[in-house]
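K.L.:
I am attaching a structure below and will ask some questions about it afterwards.
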Amino acid sequence: MSLYAYGVGIWLVLVGIAGVVRSRDLIHTVVCVSVAQSGTYVVLLAVGYQRGAVAPIFGSSSPPGTPVVDPVVQAMALTDIVVSATVTALLLALVIQVAKRHGTVVPDELHALRG
Amino acid sequence: MNRTARLVVFALGAGALAVLFVAALLKMPAFGADVHPYRDATMIAALLRRAPNVVTSINFDQRGLDTFGEETILLASVVGATTLLRPGSDERRRTPPGDGRMLHATRLAGYVLLPVTLIVGADVVVHGHLTPGGGFQGGVVLATGLHLAYVAGRYPALRRLRPLDWYEYGEATGMGAVVALGIAGLVAGAGFLANILPTGIFGSLVSAGTVPLFSVAIGIEVASGVVVLLAGFFEQDLAVRLRPKEDVA
Amino acid sequence: MTALVLIMIGLVAVGGTVVACTGDPKRQAVTLSVYGLLLGVLFLLLAAPDVALSQVAIGSAVVPLMVLLAVRTVRAERARRR
Chain A
1 MSLYAYGVGI WLVLVGIAGV VRSRDLIHTV VCVSVAQSGT YVVLLAVGYQ RGAVAPIFGS
61 SSPPGTPVVD PVVQAMALTD IVVSATVTAL LLALVIQVAK RHGTVVPDEL HALRG
Chain B
116 MNRTARLVVF ALGAGALAVL FVAALLKMPA FGADVHPYRD ATMIAALLRR APNVVTSINF
176 DQRGLDTFGE ETILLASVVG ATTLLRPGSD ERRRTPPGDG RMLHATRLAG YVLLPVTLIV
236 GADVVVHGHL TPGGGFQGGV VLATGLHLAY VAGRYPALRR LRPLDWYEYG EATGMGAVVA
296 LGIAGLVAGA GFLANILPTG IFGSLVSAGT VPLFSVAIGI EVASGVVVLL AGFFEQDLAV
356 RLRPKEDVA
Chain C
365 MTALVLIMIG LVAVGGTVVA CTGDPKRQAV TLSVYGLLLG VLFLLLAAPD VALSQVAIGS
425 AVVPLMVLLA VRTVRAERAR RR
């Protein structure tokens with residue numbers, strides 16, 4: 001079952017990259033990068049999960065001493081989600097500029113980007 | 116390289132990655148197991164610093180330097196995207212259209228929920244060290260709540276609520292506040308971004324030292340950053356148009 | 365409880381595949397929004413309310429809005445420069 005839980009995370013990363021490789025539209029590429037990033041969040045949170053434990057916030061209903069899940073991976077994942085949204089915005093702004101300069105957003109038609 | 120070659124290279128790479136990952140997986144602790152050494156260490160540290168929300172304590176107290184770095188990435192991305200979305204030399208801004216029909220139910224729901232969402236967002240930011248929340252989440256809720264004015268009304272209504280200069284100043288203020296907190300830690304002799312204020316009573320609003328202040332600064336910055344970002348996209352779609360040919364000559 | 369987590373993980377896998385396989389970016393914004401919601405529920409079931417808050421606000425509201433605005437701008441540019 002560990003293989004299933006972590007495997008879904010790596011599956012999302014691979015599906016995102018496959019979407020980037022097969023893409024016919026640069027905006028579709030940017031959204032697939034976002035899907036690949038979400039795969040890493042799933043892997044992180046699956047690493048930190050403990051069966052039967054609650055969220056890492058102490059209060060009157062969970063006094064210090066109740067088993068909690070790992071908060072370090074949650075801290076990593078939540079800042080990453082917000083920051084990667086702004087990086088997605090930067091990529092979309094680049095796509096808009098490409099559309100203005102070349103008139104097309106189909107990757108195979110963009111000769112100037114060819115390596 | 117052409118499409119088929121690209122797909123073949125990707126298939127080989129993905130296969131190798133999957134094999135490596137499964138090999139690593141077989142040595143990891145099981146899903147849902149009890150082996151979390153970092154959790155034990157940070158839980159004790161958070162309780163010593165009187166912060167009930169351990170995730171916020173890690174973000175703004177124990178690993179404040181990482182948050183400072185992430186915030187800088189956010190600021191740089193917003194600056195980069197805004198620069199790319201400026202009108203070019205062959206474009207000009209026109210007055211965005213204010214027409215369009217709106218269902219009365221949508222308008223009512225939007226205008227009623229706008230102040231509610233803003234207050235909830237501010238609450239999430241300020242109580243970050245006590246309940247699930249913090250600067251990042253609350254900032255995004257605030258920014259999204261502001262755009263209910265666009266969902267409920269028209270774009271000119273949103274522009275009235277969103278004098279863009281103020282939000283740009285807000286972004287800079289958030290970043291400056293975090294740097295000021297860090298330097299205050301240096302001046303007090305404890306280190307950059309150290310927690311120097313008294314930690315107070317566990318569970319009260321004014322507790323956990325500098326964590327609420329850091330959370331508010333990040334909340335201001337994230338909210339302003341997301342609003343500025345969305346403003347760039349709105350302007351590109353609704354207001355920026357190619358300059359007519361006779362103007363350019 | 366663990367069965368619920370496993371079912372949700374399966375749904376997230378299906379959702380991610382659907383988003384990557386949707387070719388039209390206009391439609392992808394909608395599927396991305398639904399996928400963001402599924403991810404938010406999964407994070408809540410994995411006892412991570414902070415991450416779920418972030419994910420729902422960003423993945424269901426901000427990013428699909430930006431994608432839709434970019435799609436409209438690109439379509440207008442393409443029509444104008446042809």
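Chains as they are written, first to last, in my numbering: chain A, 1 to 115; chain B, 116 to 364; chain C, 365 to 446. Every residue, glycine too, gets a C-beta built ideally from N, C-alpha and C.
Can the beta-carbon of Leu-3 of chain A be found closer than 8 angstroms to that of Asp-414 of chain C?
P.N.:
Here residue 3 of chain A refers to the residue found at position 3 when the first sequence is read from its first residue. Here residue 414 of chain C refers to the residue found at position 50 when the third sequence is read from its first residue. Cβ distance not < 8 angstroms, so Leu-3 of chain A and Asp-414 of chain C don't count as in contact.
K.L.:
Arg-164 of chain B lies in the alpha helix (DSSP H); which residues open and close that run?
P.N.:
The residue you call residue 164 of chain B lines up with position 49 of the second sequence. Run containing Arg-164 of chain B: none; DSSP gives neither H nor E here.
K.L.:
Quick check on Ser-61 of chain A: buried or exposed, where buried means 16 or more other Cβ atoms within 10 Å of its Cβ?
P.N.:
Your numbering for residue 61 of chain A matches position 61 in the first sequence. Flag for Ser-61 of chain A reads exposed.
K.L.:
Name the chain A residues whose beta carbon is nearer than 9 angstroms to that of Glu-185 of chain B?
P.N.:
Mapped onto the second sequence, residue 185 of chain B falls at position 70. Simply Thr-79, Asp-80, Val-82, Val-83.
K.L.:
Could you confirm whether any beta carbon from chain C is found closer than 8 angstroms to the beta carbon of Pro-230 of chain B?
P.N.:
Sequence index remark: in the second sequence, residue 230 of chain B carries index 115 (1-based). Not closer than 8 angstroms to any Cβ of chain C, the Cβ of Pro-230 of chain B fails to qualify, so no.
K.L.:
Please classify Asp-80 of chain A: is it buried, with 16 or more other beta-carbons within 10 angstroms of its beta-carbon, or exposed?
P.N.:
Numbered from 1 along the first sequence, position 80 holds the residue referred to as residue 80 of chain A. Burial call: buried.
K.L.:
By how many angstroms is the C-alpha of Gly-315 of chain B removed from the C-alpha of Ala-89 of chain A?
P.N.:
Within the first sequence, numbered from 1, the residue matching residue 89 of chain A stands at position 89. Within the second sequence, numbered from 1, the residue matching residue 315 of chain B stands at position 200. Ala-89 of chain A and Gly-315 of chain B: Cα-Cα distance of roughly 40 angstroms.
K.L.:
Can you tell me whether Asp-176 of chain B is helix, strand or coil according to DSSP?
P.N.:
Taking the second sequence and counting its residues from 1, the one referred to as residue 176 of chain B is at position 61. Asp-176 of chain B: helix per DSSP, three-state reduction.
K.L.:
Any C-beta of chain B within less than 7 angstroms: which residues of the stretch 410–422 of chain C qualify?
P.N.:
Pro-413, Asp-414, Leu-417, Ser-418, Ala-421, Ile-422
K.L.:
I need the DSSP call for Arg-201 of chain B, collapsed to helix, strand or coil.
P.N.:
Within the second sequence, the letter at position 86 stands for residue 201 of chain B. Arg-201 of chain B: coil per DSSP, three-state reduction.
K.L.:
Could you check whether Ala-411 of chain C and Tyr-49 of chain A sit closer than 8 angstroms to each other, using their CB atoms as the reference points?
P.N.:
In the first sequence, the residue the question calls residue 49 of chain A occupies position 49. In the third sequence, the residue the question calls residue 411 of chain C occupies position 47. Their beta carbons are under 8 angstroms apart, which means Tyr-49 of chain A touches Ala-411 of chain C by this criterion.
K.L.:
Using the three-state DSSP reduction, which class does Pro-64 of chain A fall into: helix, strand or coil?
P.N.:
In the first sequence, counting from the first residue as 1, residue 64 of chain A sits at position 64. In this structure, Pro-64 of chain A counts as strand in the three-state DSSP scheme.
K.L.:
How close, in whole Å, do the beta carbons of Leu-353 of chain B and Pro-211 of chain B come, if the pair is a contact with beta carbons under 8 angstroms?
P.N.:
Residue 353 of chain B sits at position 238 when you count from the first residue of the second sequence. Residue 211 of chain B sits at position 96 when you count from the first residue of the second sequence. Between Leu-353 of chain B and Pro-211 of chain B a beta carbon distance of about 4 angstroms is seen, short of the 8 angstroms cut, so the two are scored as contacting.
K.L.:
Taking any Cβ of chain C, which residues in the stretch 333–359 of chain B have a Cβ under 7 angstroms from it, in chain order?
P.N.:
Val-341, Leu-345, Phe-348, Phe-349, Gln-351, Asp-352, Leu-357
K.L.:
If you reduce the DSSP assignment to three classes, tell me which class Val-69 of chain A lands in.
P.N.:
The count along the first sequence starts at 1 and reaches residue 69 of chain A at position 69. Note: Val-69 of chain A maps to coil in three-state DSSP.
K.L.:
Counting only beta-carbon separations shorter than 8 angstroms, does Arg-442 of chain C have a partner in chain B?
P.N.:
One-based indexing of the third sequence puts residue 442 of chain C at position 78. No, Arg-442 of chain C does not count as interfacial toward chain B.
K.L.:
I think Val-331 of chain B touches His-244 of chain B, with their Cβ atoms under 8 angstroms apart; what is that distance to the nearest whole Å?
P.N.:
By 1-based counting over the second sequence, the position of residue 331 of chain B is 216. By 1-based counting over the second sequence, the position of residue 244 of chain B is 129. In this structure Val-331 of chain B does not touch His-244 of chain B by the C-beta definition: roughly 11 angstroms separates them, more than the 8 angstroms allowed.
K.L.:
Can you name, in chain order, every residue of its own chain whose Cβ lies under 8 angstroms from the Cβ of Glu-283 of chain B, other than the five neighbours on each side?
P.N.:
What you label residue 283 of chain B is simply residue 168 of the second sequence in a count that begins at 1. Within the same chain, Glu-283 of chain B has close Cβ partners Ser-339, Val-343.
K.L.:
Taking Cβ positions only, does Arg-445 of chain C come closer than 8 angstroms to chain A?
P.N.:
Residue 445 of chain C sits at position 81 when you count from the first residue of the third sequence. So yes, Arg-445 of chain C belongs to the interface.
K.L.:
Nearest to Asn-117 of chain B by alpha carbon, out of A:Arg-24, A:Gly-39, A:Val-43, A:Ala-5?
P.N.:
The sequence position of residue 117 of chain B within the second sequence is 2, counting from 1. It is A:Arg-24.
K.L.:
Should Gly-254 of chain B and Ile-333 of chain B be called a contact, given that it needs their Cβ atoms to be closer than 8 angstroms?
P.N.:
Within the second sequence, numbered from 1, the residue matching residue 254 of chain B stands at position 139. Within the second sequence, numbered from 1, the residue matching residue 333 of chain B stands at position 218. Contact: yes.
K.L.:
Quick check: what's the CA-CA separation for Ala-305 of chain B versus Tyr-270 of chain B?
P.N.:
Looking up residue 305 of chain B in the second sequence gives position 190. Looking up residue 270 of chain B in the second sequence gives position 155. Whole-angstrom Cα-Cα distance: 49 angstroms.
K.L.:
Beta-carbon of Gly-203 of chain B versus every beta-carbon of chain C: anything under 8 angstroms?
P.N.:
Locating residue 203 of chain B in the second sequence gives position 88, counting from the first residue. So, not an interface residue.
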